[in-house]
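Presented below is the structure to which this report refers.
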Amino acid sequence: MQATIQKWGNSQGIRIPKAFLEALGMMENDIVELSRVDDNIVIKKAEKKTELTLDDIFKDYDGEGVTEEFDWGSPVGKEVR
45 MQATIQKWGN SQGIRIPKAF LEALGMMEND IVELSRVDDN IVIKKAEKKT ELTLDDIFKD
105 YDGEGVTEEF DWGSPVGKEV R
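Shown next, in the form of structure tokens:
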């Protein structure tokens, strides 16, 4: 199968036939990963990222934190009344 590289705005793109995508288990708006292997472009369906929970975000947090005051300088503008 052949496709033509066409200008789309400031980029270039190719159209992939629907039957081709369906055979690969892909569909419109899927996120894909592009990579270059030698002189070839490889298009691969990206793995879905799972939503992070608060537990995921803080899993490596040991409860220790360093806080310190920071001097932003003298107030200026309308924040001082």
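Note that the numbering used here has the sequence shown beginning at 45, numbered continuously upward. All C-beta atoms in this analysis are idealised placements derived from N, C-alpha and C, irrespective of residue type, glycine included. Since the model is a prediction, treat every value here as computed from it, not as a measurement.
Residues bridged to residue i [DSSP beta-bridge criterion]
i	result
residue 77	88
residue 57	50
Distance, residue j Cα to residue i Cα
i	j	result
residue 106	residue 54	47 Å
residue 108	residue 102	12 Å
residue 45	residue 95	37 Å
Proximity of residue i and residue j at Cβ, strictly below 8 Å
i	j	result
residue 77	residue 90	yes
residue 58	residue 47	yes
Residue-level contact to chain B via CB, residue i, 8 Å cutoff
i	result
residue 99	The structure shown contains no chain B, having only a single protein chain.
Given residue i as reference, the closest of the options once Cα atoms are compared
i	options	result
residue 92	73, 123, 113	73
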